[in-house]
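Chemist: Residue numbers (the working numbering), protein chains in the order written: chain R, 12 to 776; chain C, 12 to 776. We put the CB at the ideal spot given by N, CA and C, even for glycine.
#1: Using a Cβ-Cβ cutoff of less than 7 Å, which residues in the same chain neighbour residue 304 of chain C once the five nearest sequence positions on both sides are dropped?
#2: Going by DSSP, what residues sit across from residue 521 of chain R in a beta bridge?
#3: Between which residues of its own chain and residue 500 of chain C is the CB-CB distance below 7 Å, once the five residues before and five after are set aside?
#4: According to DSSP, simplified to helix, strand and coil, what is residue 205 of chain R?
#5: Check residue 310 of chain R in the structure and name its three-state DSSP category.
#6: Expressed to the nearest angstrom, what Euclidean distance is found between the alpha-carbon atoms of residue 482 of chain C and residue 539 of chain C?
#7: Quick test of your reading: residue 570 of chain C and residue 602 of chain C, contact by CB under 8 Å. State the CB separation rounded to the nearest angstrom.
#8: If you check the beta carbons only, do residue 237 of chain R and residue 153 of chain R fall under 8 Å apart?
#9: Determine the direct distance from the alpha carbon of residue 583 of chain C to that of residue 536 of chain C, and round the result to whole angstroms.
#10: Hey, out of R:593, R:632 and R:216, whose CA is closest to residue 509 of chain R's CA?
#11: Residues in the segment 17-51 of chain C with C-beta within 9 Å of chain B's C-beta atoms, listed in sequence order?
#12: Return the CA-CA distance between residue 709 of chain R and residue 605 of chain R, expressed in angstroms with no decimal places.
#13: Less than 7 Å between C-beta atoms, sequence neighbours within five positions excluded: which residues of the same chain meet that for residue 73 of chain C?
#14: Which ranges does the alpha helix (DSSP H) cover as unbroken runs of at least 4 residues, wholly within the segment 294-340 of chain R, from first to last along the chain?
#15: What residues from chain C crowd round residue 574 of chain R, counting only those whose CB sits closer than 9 Å?
#16: How would you write the range of the beta strand (DSSP E) that residue 401 of chain R sits in, first residue to last?
#17: Can you find a C-beta in chain C that's less than 8 Å from the C-beta of residue 660 of chain R?
#18: In chain order, what are the residue ranges of uninterrupted alpha helix (DSSP H) at least 4 long that sit wholly in the segment 105-168 of chain C?
#19: Out of R:459, R:189 and R:454, state which residue places its alpha-carbon closest to the alpha-carbon of residue 473 of chain R.
#20: Note down, in chain order, each residue of its chain lying with its Cβ closer than 7 Å to the Cβ of residue 402 of chain C, except the 5 sequence neighbours on either side.
#21: At a CB distance below 8 Å, what residues from the segment 330-355 of chain R approach chain C? Give them in sequence order.
#22: Between residue 715 of chain C and chain R, is the shortest Cβ-Cβ distance under 8 Å, so that the two count as touching?
#23: Please report the distance separating the alpha-carbon of residue 250 of chain C from that of residue 169 of chain C.
#24: How would you write the range of the alpha helix (DSSP H) that residue 379 of chain C sits in, first residue to last?
#25: Determine, using beta carbons only, whether residue 562 of chain R comes closer than 8 Å to chain C.
#26: Run down chain R in chain order and give the residues with a C-beta less than 7 Å from the C-beta of residue 657 of chain C.
#27: What is the rounded straight-line gap between the Cα of residue 75 of chain C and the Cα of residue 22 of chain C?
#28: CA-CA distance, residue 775 of chain C and residue 765 of chain C?
#29: Which bits of chain C does residue 696 of chain R rub up against, with CB to CB less than 7 Å?
#30: Among R:123, R:91 and R:558, whose alpha-carbon lies nearest the alpha-carbon of residue 8 of chain R?
#31: Would you identify the three-state DSSP class for residue 286 of chain R, choosing helix, strand or coil?
#32: Quick check on DSSP: helix, strand or coil for residue 80 of chain C?
#33: Closer than 8 Å, CB to CB, is residue 361 of chain R near chain C or not?
#34: According to DSSP, simplified to helix, strand and coil, what is residue 17 of chain R?
#35: Shortest alpha-carbon distance to residue 511 of chain R belongs to which of R:526, R:588 and R:97?
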């Protein structure tokens with residue numbers, strides 16, 4: 012048991028010296044940096060003894076102080092002052108006392124007592140309770156010599172990054188303020204100069220700083236953010252930690268460090284956060300700090316975009332044809348606005364949350380979106396919106412930042428996205444490490460081409476709804492729905508067949524050999540009819556009334572359509588078979604909304620071509636519960652996590668979001684929006700069961716996930732763990748999904764290694 | 012290996028002699044009955060040898076025939092004819108050949124070959140394939156002396172039951188036709204006389220028949236249906252089997268046989284079918300065979316009822332006050348018609364299936380209902396309905412039979428239900444055998460009183476929706492929903508509190524010490540507002556629009572209301588607490604639509620009285636998946652199998668029934684309507700998981716089932732098996748549920764015994 016450690020003892024044990032104390036030893040003893048002299052009163056002995064007896068071992072402290080004085084070549088109170096601060100094994104920022112500028116021995120001892128006592132202060136106890144930190148950890152106390160950046164003209168204080176946190180370029184980057192202490196920099200009263208200015212002003216100090224920061228990078232294998240003080244020309248290092256950095260810099264630094272041999276590829280992949288990558292994959296406002304936002308909404312779909320304000324989707328479409336960028340502003344959006352959203356460069360809505368229609372659609376399209384900006388008031392009639400006293404009219408220019416939720420007046424300069432070589436390299440490493448495949452959800456040749464550029468390994472979900480909504484076929488499908496006789500129905504089907512064949516042929520041409528999974532029609536038929544108020548045709552009105560459903564989400568859709576209207580699925584299957592003859596392709600077909608193997612067996616009889624792999628969407632709970640039976644009937648599963656979430660939570664997405672999702676998140680009844688981040692405790696458990704039963708029945712059953720949660724990093728870790736084969740997400744999410752998948756695989760490997768080590772040590776006992 | 016068995020050999024082995032052969036031996040050798048002489052060619056030797064060689068062992072047959080001639084004291088062709096028929100170990104009715112009246116030896120042998128060959132006839136092969144009967148079982152062949160009921164005036168043929176199949180009374184009951192063979196009875200050309208007439212006409216035969224049938228009952232421990240022939244004054248028994256019987260007779264016979272020492276109480280309980288009990292518990296038409304139905308619909312809710320035709324619920328209510336019985340006729344019913352359904356004695360609808368609103372509500376109320384009678388055409392304006400050319404007007408009298416689906420003109424005589432002493436005794440035995448508790452779903456003091464009469468062991472589900480729908484409080488809850496300010500809302504709550512207290516006090520008074528589980532408000536608020544078309548108030552219209560939901564089933568209801576409008580649940584809890592002070596009661600409270608333990612923890616803070624047991628409805632899949640967490644937070648679960656079925660299958664009940672449930676049942680994609688019979692493969696698996704996880708977290712967790720499937724016998728067997736503590740069903744289903752629960756417990760005991768026996772025999776090896 013040691014009462015006091017000097018920095019030279021070399022003990023870095025944080026359970027004994029706390030975090031700060033351990034770090035001081037690392038810098039002073041391990042790396043040999045010029046750190047102000049200090050000693051540390053231990054947790055196990057000094058702190059515990061004080062707690063027990065209420066007394067300090069004054070003789071030990073006197074002895075340590077004598078050494079410190081000797082080292083500093085000054086005496087306490089005579090040119091030497093010390094600070095006393097706490098150093099716990101767990102960080103409790105701002106909770107514990109710190110005392111500076113102590114000039115005599117009695118005050119040092121009183122200060123040590125004060126620091127030890129502050130472990131049991133009300134706020135510290137409350138903080139530990141809230142953060143589940145055990146109360147008996149205790150704290151060390153550091154007594155350290157003060158150094159003064161304000162002593163003379165050769166003194167000063169500064170902060171440097173070892174690489175540029177925006178560009179990632181190597182070399183010192185930071186600021187220096189001469190004749191100042193740290194608090195002077197924080198207060199902002201005086202303006203610091205670039206640290207490079209030291210190169211000429213104090214070349215020796217600069218050279219030493221350069222050398223030291225390189226040592227720190229080598230030691231910690233990461234870019235460092237270093238605080239230093241120069242006292243009368245002598246450099247002291249006060250603190251070092253991993254430096255925060257922008258998305259681009261994060262990627263560049265990680266890739267560069269691999270080239271420099273500082274870290275491995277695995278470490279590089281683990282170090283780049285998905286947030287960093289996300290910010291890199293979208294347009295950004297250049298120096299956003301220079302502009303004052305007009306207002307703020309929810310950061311619904313990342314990226315920045317600027318253009319003329321329009322209120323009508325048709326107007327956005329018309330202006331897009333003239334090459335005019337527009338921001339579509341609406342109280343909220345609906346499926347009727349899709350063409351306007353597609354034409355605009357960004358969307359701003361007054362109402363709706365992160366899972367609103369606008370948010371979901373724009374994220375899928377990779378367009379910027381700020382939604383739920385409740386401070387704005389949209390007047391569709393007057394074609395303007397009001398924020399406070401400011402009226403923004405149709406045609407006015409605005410810029411929105413979907414990454415922050417900010418809305419600005421005018422067109423701000425933007426930085427373009429580019430898949431930089433460093434990113435391409437990082438993703439290529441990810442491809443090597445990850446086990447999860449990453450495919451894309453894409454319905455059109457254009458989306459497929461884009462997804463291929465982003466590295467898609469196939470099309471995991473090709474919906475067929477949109478194909479029917481194209482103007483030339485909407486009338487045909489309507490004539491099918493309105494038909495009174497079998498002849499009329501057959502006539503409509505005959506017209507649809509060549510159109511669908513054309514759709515699939517065009518898609519197959521863009522695949523470049525990648526596999527594709529086509530989902531047969533899922534949408535309820537009534538969604539193809541016009542809105543009741545938009546028609547005067549009594550026949551159409553009658554059919555709308557007949558097809559109306561109380562709960563369309565749980566209604567007559569998906570494979571249920573094939574039970575009651577086999578013609579549609581038969582036509583789609585035939586169109587796919589014909590398209591495959593025209594353009595050979597690796598095609599799988601899946602059935603939506605399946606809840607019983609009997610449904611699958613019925614639709615399997617519709618096939619001629621036995622080369623097509625057949626699978627089911629697992630998006631009803633019953634499909635998951637009967638996964639063993641389904642697995643015997645099909646080659647693959649694809650989890651439809653959106654609908655499965657609705658079914659598992661009994662949450663209608665649209666209703667939940669409008670009526671009660673917000674209070675649920677606010678009150679902590681749900682940790683995340685389950686339509687954004689997979690609900691692992693509920694939906695995840697249903698999926699785990701399906702994977703288990705499915706694979707028990709068919710060992711090589713292929714299992715994928717379509718549904719937007721498949722591109723969400725936290726969800727990906729879980730999907731990797733339960734043995735899913737691939738996820739499928741919108742094209743823009745592919746690099747992020749790959750990074751998350753690689754990180755999941757690497758973390759799994761690490762924990763297996765750790766377990767192996769434990770097993771080995773146990774077997775040696 | 013035996014080639015031919017005589018009836019006197021005593022071998023009853025059905026694998027050797029087939030079913031019929033074995034039974035013949037039982038009657039002849041074991042009971043000593045006068046059976047026409049016969050011998051049986053064995054399966055293992057005679058049949059197999061023939062299959063192998065294509066030849067019969069003629070010497071053996073000649074020898075057996077010689078014995079038969081000796082026994083019959085006649086020679087083949089000279090007063091003796093024989094029949095040859097098959098006798099397999101598994102019944103294949105009508106599939107195998109039978110040859111009668113064979114008069115010479117060559118034909119006997121040819122006939123035996125023909126019977127053996129017919130095992131491999133096309134239709135027999137197809138029958139076995141369809142019924143999964145192994146093809147190598149083979150068949151025996153019976154050669155039996157013909158006897159002749161048409162020989163002379165002292166000959167005849169008849170059928171008797173050992174007890175009256177309608178009343179259950181002991182004593183011969185049946186018919187006799189003199190100078191006739193069996194086929195003459197079947198053809199109906201001559202009318203038989205009651206068997207009792209033999210008592211005077213042929214007293215010796217009658218006495219022998221009486222003695223023999225008593226022997227048969229003693230031997231088989233069941234009421235028998237016996238075919239016999241009298242040939243020149245000599246009685247022959249041709250066949251015996253368990254007799255079919257009506258509901259009342261089934262109960263009386265079972266209870267009587269226990270008193271007579273013929274069977275045990277366990278056997279009595281196992282022998283009465285739930286169908287028998289069901290028919291006993293409802294009014295019946297007296298001699299329905301005497302009337303021709305006007306038309307037929309679906310037998311939606313059992314029982315018969317007659318009254319004046321009305322089309323408007325209000326009219327049914329008005330007439331009920333004058334004591335006039337009415338049948339409510341509607342194209343289909345909706346929740347608005349409840350008061351009319353409650354006032355009528357029966358309901359007839361043109362549309363809707365077995366799970367339509369009319370069917371569900373009437374079953375719950377124990378009222379007769381025929382629904383989906385598509386041959387009728389209801390004209391609400393003209394207030395009449397048309398069947399073919401017949402017009403039935405308002406005020407005309409009709410009778411409906413909800414057990415058969417028949418609709419009759421006029422008032423037919425009905426038989427009343429009475430809980431006969433035999434039924435009471437049988438149910439008291441069930442109470443002793445069953446492990447499952449049987450509670451009732453009841454919301455009003457009247458229903459509770461009725462359920463207690465039917466033997467309810469508590470109230471498993473007391474809904475609170477209907478209380479708000481009473482006219483005096485509907486306006487108050489509406490003022491709550493329409494309130495603009497907190498003050499207005501609080502004022503509404505203050506008015507509701509004493510009304511709810513009154514509701515609960517009245518209910519508690521009827522409990523007689525039985526426990527009650529009250530479910531807090533589940534219904535979405537918009538259901539308390541009038542229909543959009545029924546209001547002109549712009550404020551109401553606006554609120555209707557705001558509360559409208561895309562999928563109300565998955566929307567803002569149940570405990571979600573307590574998250575956004577805590578006042579309502581707080582008021583309900585306070586009302587219950589106050590009512591308990593007024594009338595002490597054993598009260599539990601449960602929360603509907605729970606999907607996370609966090610919701611439960613929030614609402615638990617609304618309670619003052621800690622004596623109230625708190626539970627959750629498990630009716631979302633997520634509740635089942637997080638059953639471990641929920642079990643730690645509550646004292647009990649109650650499965651809401653209706654909503655859980657909707658969530659598991661992604662089936663909206665209303666939409667499924669109207670749009671696709673019928674084709675699913677027709678095409679065999681579903682075996683049963685999952686809202687009638689619990690879907691064991693899907694919903695059952697979710698429930699099993701919840702029971703497992705719930706009990707692992709809390710060993711003594713109480714688990715019940717409310718939801719109508721809980722009263723369905725097939726479902727009850729499953730619920731017993733997974734360890735549910737009680738089911739809760741409508742009052743009229745209680746005796747049936749008790750019988751099914753007792754049968755489940757007895758069958759489990761039997762299979763445990765069988766397993767024990769196997770284990771014992773294994774351990775002896």
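Modeler: Reading from the atomic positions:
#1: Sequence-distant Cβ neighbours of residue 304 of chain C in its own chain, meaning closer than 7 Å and more than five residues away, are 417, 418 and 419.
#2: Answer is none; residue 521 of chain R lacks a bridge partner.
#3: For residue 500 of chain C, the CB contacts under 7 Å within the same chain, skipping 5 residues up- and downstream, are 491, 494 and 578 in chain order.
#4: Residue state, collapsed to three classes: strand.
#5: DSSP, read as helix, strand or coil, puts residue 310 of chain R in strand.
#6: Inter-residue distance for residue 482 of chain C and residue 539 of chain C is about 11 Å (C-alpha atoms, whole angstroms).
#7: Yes, residue 570 of chain C and residue 602 of chain C are in contact; Cβ-Cβ is about 5 Å, under 8 Å.
#8: No, Cβ-Cβ distance for residue 237 of chain R and residue 153 of chain R is not below 8 Å.
#9: The alpha-carbon atoms of residue 536 of chain C and residue 583 of chain C are separated by roughly 15 Å.
#10: When only C-alpha atoms are compared, the closest one is R:593.
#11: Among the protein chains of the structure shown, namely R and C, there is no chain B.
#12: Distance between the alpha carbons of residue 709 of chain R and residue 605 of chain R: 18 Å.
#13: In its own chain, leaving out the 5 sequence neighbours on each side, no residue places its CB closer than 7 Å to the CB of residue 73 of chain C.
#14: Secondary structure within the segment 294-340 of chain R: the alpha helix (DSSP H) runs of 4 or more consecutive residues, fully enclosed, are 324-332 (chain order).
#15: For residue 574 of chain R, the residues of chain C that pass the 9 Å Cβ criterion are 671, 674, 675, 678 and 680, in the order they occur in the chain.
#16: Looking at the DSSP string, the run of the beta strand (DSSP E) that includes residue 401 of chain R is 401-404.
#17: So, interface residue.
#18: Within the segment 105-168 of chain C, the complete alpha helix (DSSP H) segments of 4 residues or longer fall at 116-129 and 133-141, listed in chain order.
#19: Among R:459, R:189 and R:454, the Cα nearest to that of residue 473 of chain R is on R:454.
#20: Answer for residue 402 of chain C: 395, listed in chain order.
#21: Flagged: no residues at all.
#22: The beta carbon of residue 715 of chain C does not come within 8 Å of any beta carbon belonging to chain R, so the residue lies off that interface.
#23: Those two C-alpha atoms are separated by around 11 Å.
#24: Segment 379-382 is the beta strand (DSSP E) holding residue 379 of chain C; no alpha helix (DSSP H) there.
#25: Judged by the 8 Å Cβ criterion, residue 562 of chain R is in contact with chain C.
#26: Chain R residues near residue 657 of chain C: 565.
#27: Taking the straight line from one Cα to the other gives about 16 Å.
#28: In this predicted model, residue 775 of chain C has a pLDDT of only 47, less than 50, meaning its place in the structure is not dependable enough to derive any value.
#29: Within 7 Å Cβ-Cβ: 636.
#30: This structure does not reach residue 8 of chain R, given that chain R is present from 12 up to 776, and the question cannot be answered.
#31: Residue state, collapsed to three classes: helix.
#32: Residue 80 of chain C sits in a helix when the DSSP states are folded into three classes.
#33: Output row for residue 361 of chain R: interface = no.
#34: Strand, per DSSP.
#35: Closest option to residue 511 of chain R, Cα to Cα, is R:588.
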